[in-house]
Each structure stands twice: as C-alpha cells, then as structure tokens.
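Working notes, structure below.
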Amino acid sequence: MENFPVINMEGLTGEERAATMKKSEFACENWGFFEVVNHGIPIELLDTVERLKKGHYRKCMEQRFKEIMASKGLDGIQPEVTDMDWKSTFFIRHLPEPNIAEIPDLDDEYRKVMKEFALKLEKIAEELLDLLCENLGLEKGYLKKAFYGSRGPTFGTKVSNYPPCPKPNLIKGLRAHTDAGGIILLFQDDKVSGLQLLKDGKWVDAPPMRHSIVVNLGDQLEVITNGKYKSVEHRVVAQTDGTRMSIASFYNPGSDAVIYPAPILVEKETEEKKTAYPKFVFEDYMKLYAGLKFQAKEPRFDAMKAAAKA
1 MENFPVINME GLTGEERAAT MKKSEFACEN WGFFEVVNHG IPIELLDTVE RLKKGHYRKC
61 MEQRFKEIMA SKGLDGIQPE VTDMDWKSTF FIRHLPEPNI AEIPDLDDEY RKVMKEFALK
121 LEKIAEELLD LLCENLGLEK GYLKKAFYGS RGPTFGTKVS NYPPCPKPNL IKGLRAHTDA
181 GGIILLFQDD KVSGLQLLKD GKWVDAPPMR HSIVVNLGDQ LEVITNGKYK SVEHRVVAQT
241 DGTRMSIASF YNPGSDAVIY PAPILVEKET EEKKTAYPKF VFEDYMKLYA GLKFQAKEPR
301 FDAMKAAAKA
C-alpha cells in the first residue's frame, strides 16, 4: 500500500509546481483523499481554534453527551449498533446566510475565531477547485461556477467530538459513507486517530498530522468529472482513550445548482459513458441523500437518473 498522499501547497509556486500538480492529480484519481500542508492558515489560528473548540466541548457538551448515551442503555449492548454514531456534533452555516450568531453556548471569541477560520478555508477550497480544473483540463473557475446556483455555493462546518467509547467494536464513531457535496476540508485531532477511508477494498488510516488539513472529494465532483475523480467511502472508528477533535467544512453547490458531467470530460465515442452520471438539481440529491447517507452511492445516482427520465 502506497503512502497516504500529502500535498505541500507551497509547491504550487516555482519549480516544484509541475510535480505538485502531478501528485495532486494522482491523489484525486487514486485516493479521493489527501492532506495539505503549508496551506496558508496561520498555525496560531489553528491552535486557537483547537483550544476554543475543546474548551467548549468540555464546558457545554461533554456532560450532555454522557447523559444522552446513558439514556440509550448502550452499556449492556451485545450486537453491533448500526443506526447511530458515537459522537457529539453541531453545525455552523457560513454561506449563503451565516447562522453562527444563533448557535447557543458559543462565546464571542469562539464565534469570531470560527468566522475567521471559515474565511481561510473557503479560500483554500476555491484554490483547490481551480487546481482540480487545471488537472482536468477545465477552464479556470469552471467548478466554482458549476457550484454557484443563483445565490452562490453553500458552505458550512460540522464541529464534532468523538469521546472515549467503552465498546468500539460494537459502535462506530461515524458509520461508513461518502460525502454528498463538493470538496471537504477537515481539521482533525493530531493525537487521537480514527478516520479511515476504503482503499482497494481495505480500510486505511488517514494519519493525524499536526496543522494539516485533510481534503476529500464528494459525490458532486464524481458526477461533474464523470467518474474520473470518485468520492470515497470513509468512517470514524471509535477509540477507548481520548476525545477526538474533528472540524469538517463542506464547500458544496448552491441548493438550486444544476449538476451534470462537464461536457469535455464525457467521451464522445462511448455512448454508455455519456449517460454514466445523471443531471440533477443539488437540493434534490440532498433530499435523497438524507435517508440513504450510510448506503452505497450508486443507487443514489441511479435514482437521480431515473427521476430525470420520468
């Protein structure tokens, strides 16, 4: 098994650009995941985000999580739990309309820092999308435009904690799935591991690396690239020690964006390929995904294809 791909974004300038682009293309085609370092987010900001996030969990969420799990009577479980995850989560929306002011229990410093962090991540997401465009032979800005819809892309952050689990063999931190949206940027704990992706039929760890950002591709990029880049199944394995930090930001199409394979990526000579991926409104896909997140993605694509023909 080759090493998990790590992209040094400083390599995108100067003599290393061609090699860095090639490495990123290999990662997209063969992994659907990679880590970026030297990404431009100040280390001090990342450390502050981590400190505030962990402090907020201990103060406002930890006891609540323990009470919820105790009420479910999981201590005595024997069979594997397949309908829930061992995590504590809340969601912040940044675009098109932010909701961070409405989320309870966040102090002013936390809100301010998360806004600053989101702006940095949004910039990286758009930079990475243009990198993908270049590798795919698409005009610069194509993917951002494809995501735009009438009000711009949607962008939000899922803040998660994965507390110590007494029976990690019976319950996942997060069940296996592919992400529905566009490009996902994850700031994860560098001490408590757990994230795994399915590579060549085997579960592979996404190694914790301090101050890196893990990037993965969602279902919408698989559709737009007509399968050249694929979303990859991943999960979080619960751990017995330590609370894992996870801050995942999703740069997705606008709700009314119409998603379909980029015409130049559809092979003209192969009729089967021309219809391999469907055309649909992103919001319609999300409605379907809501009930089928933890199932295979192919039936979702088939359902959208069938709906388009109806």
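Residue 1 is where the sequence shown starts when you use full-length UniProt numbering, and the numbers rise one by one after that.
Just so it is clear, CB atoms sit at the ideal spot from N, CA and C, and this is done for glycine as well.
Note that this is a predicted model, so its numbers are computed, not measured.
Cβ contact (3+ pairs, closer than 8 Å) linking the segment 9-21 and the segment 191-210: no
Proximity winner among Lys172, Lys22, Thr243, Ile183, relative to Leu136 (alpha-carbon distances): Position 136 of the sequence shown, counted from the first residue, corresponds to residue 136. Out of Lys172, Lys22, Thr243, Ile183, Lys22 has the C-alpha closest to the C-alpha of Leu136.
Simplified DSSP assignment, three categories, for Ile224: The residue you call residue 224 lines up with position 224 of the sequence shown. The answer is helix: DSSP assigns Ile224 an H, G or I state.
Close beta carbons around Val49, own chain, < 8 Å, minus the five adjacent residues each side: Stepping through the sequence shown from its first residue, residue 49 is reached at position 49. Cβ neighbours of Val49 beyond the five flanking positions: Val113, Met114, Phe117, Phe187, Ile247.
Per DSSP, cross-strand counterpart(s) of Gln196: The sequence position of residue 196 within the sequence shown is 196, counting from 1. In DSSP, Gln196 forms a bridge with Asp205, Arg235.
Three-pair Cβ contact test at 8 Å for the segment 26-36 versus the segment 1-10: yes
Residue from Lys87, Ala101, Pro278 with nearest C-alpha to Arg93: Stepping through the sequence shown from its first residue, residue 93 is reached at position 93. Checking every option, the nearest Cα to that of Arg93 belongs to Ala101.
Per-residue DSSP class, three states only, for Ala257: Position 257 of the sequence shown, counted from the first residue, corresponds to residue 257. Coil.
Residues near Pro96 by beta carbon distance below 6 Å, same chain, minus five either side: Residue numbering aside, residue 96 sits at position 96 when the sequence shown is read from its first letter. Excluding residues within five positions, the ones whose Cβ falls inside 6 Å are Arg151, Gly152.
When Gly194, Gly218, Asn226, Glu298 are compared against Pro208, the one with the closest alpha-carbon: Translated into the one-based positions of the sequence shown, residue 208 becomes position 208. Closest by alpha carbon: Gly194.
Among Tyr229, Ala70, Ile259, the one whose alpha carbon lies nearest that of residue 326: This structure cannot settle anything about residue 326, because the visible part of the chain is limited to 1 through 310.
Supposed contact pair Asp179 and Asn216 - C-beta distance, whole angstroms, cut 8 Å: In the sequence shown, the residue the question calls residue 216 occupies position 216. In the sequence shown, the residue the question calls residue 179 occupies position 179. About 7 Å; that satisfies the 8 Å criterion.
Sequence-distant residues of its chain with Cβ nearer than 8 Å to Glu298 (five each side left out): Stepping through the sequence shown from its first residue, residue 298 is reached at position 298. Result list for Glu298: empty, nothing under 8 Å.
6 Å Cβ shell around Met61 - same chain, five flanking residues per side excluded: Taking the sequence shown and counting its residues from 1, one reaches residue 61 at position 61. Cβ neighbours of Met61 beyond the five flanking positions: Ser88.
Coarse secondary structure for Glu269, derived from DSSP in three states: Translated into the one-based positions of the sequence shown, residue 269 becomes position 269. Note that Glu269 has pLDDT 45, beneath the 50 cutoff, so the model's placement of it is unreliable and no number is given.
Identified DSSP bridge partners for Ile154: Numbered from its first residue, the sequence shown carries residue 154 at position 154. Note that residue 154 corresponds to Thr in the displayed sequence, not to Ile. According to DSSP, which records beta bridges pairwise, Thr154 is partnered with Asn252.
Collapsed DSSP secondary structure at Val36 in the structure displayed: Here residue 36 refers to the residue found at position 36 of the sequence shown. Assignment of Val36 by DSSP, reduced to helix, strand and coil, places it in the strand class.
Pick from Gly173, Glu233, Ile68 that is closest to Pro163, judged by C-alpha positions: On the sequence shown, residue 163 is found 163 positions in, with the first residue counted as 1. The option with the nearest alpha carbon to Pro163 is Gly173.
CB of Tyr277 within 8 Å of CB of Val223, strictly: Working through the sequence shown from its first residue, we reach residue 277 at position 277. Working through the sequence shown from its first residue, we reach residue 223 at position 223. Going by C-beta atoms, Tyr277 is nearer than 8 Å to Val223.
Whole-angstrom C-beta distance between Lys59 and Val159, which should lie under 8 Å: Your numbering for residue 159 matches position 159 in the sequence shown. Your numbering for residue 59 matches position 59 in the sequence shown. Incorrect: roughly 14 Å between the Cβ atoms, too far for contact.
CA nearest to the CA of Pro263, picked from Gln196, Glu35, Tyr142: To locate residue 263, count along the sequence shown from 1; it is residue 263. Closest option to Pro263, Cα to Cα, is Tyr142.
Contact under 8 Å by Cβ, Ile259 with Gly218: Residue mapping note: residue 259 aligns to position 259 of the sequence shown, counting from 1. Residue mapping note: residue 218 aligns to position 218 of the sequence shown, counting from 1. Not closer than 8 Å, so no.
Assigned secondary structure, Thr240 (DSSP; H/G/I helix, E/B strand, else coil): Here the question's residue 240 lines up with position 240 in the sequence shown. Residue state, collapsed to three classes: coil.
Supposed contact pair Val214 and Glu35 - C-beta distance, whole angstroms, cut 8 Å: Here residue 35 corresponds to residue number 35 of the sequence shown, with the count starting at 1. Here residue 214 corresponds to residue number 214 of the sequence shown, with the count starting at 1. About 5 Å separates the two Cβ atoms, so the contact holds.
Of the residues Leu129, Asp241, Ser212, Met245, the one placed nearest Ile41, counting alpha carbons only: For the purposes of this step, residue 41 is taken as residue 41 along the sequence shown, with counting starting at 1. Cα-wise, what sits closest to Ile41 is Ser212.
Integer Cβ distance of Ile124 from Leu185, believed to fall under 8 Å: On the sequence shown, residue 124 is found 124 positions in, with the first residue counted as 1. On the sequence shown, residue 185 is found 185 positions in, with the first residue counted as 1. Sure, about 6 Å apart at Cβ, within 8 Å.
Spatial distance of Val237 from Phe294 (CA atoms): Walking along the sequence shown from the start, residue 237 turns up at place 237. Walking along the sequence shown from the start, residue 294 turns up at place 294. The alpha-carbon atoms of Val237 and Phe294 are separated by roughly 15 Å.
Where Lys120 falls, given that 16 or more other Cβ within 10 Å makes a residue buried: Position 120 of the sequence shown, counted from the start, is the residue given in the question as residue 120. That one is buried.
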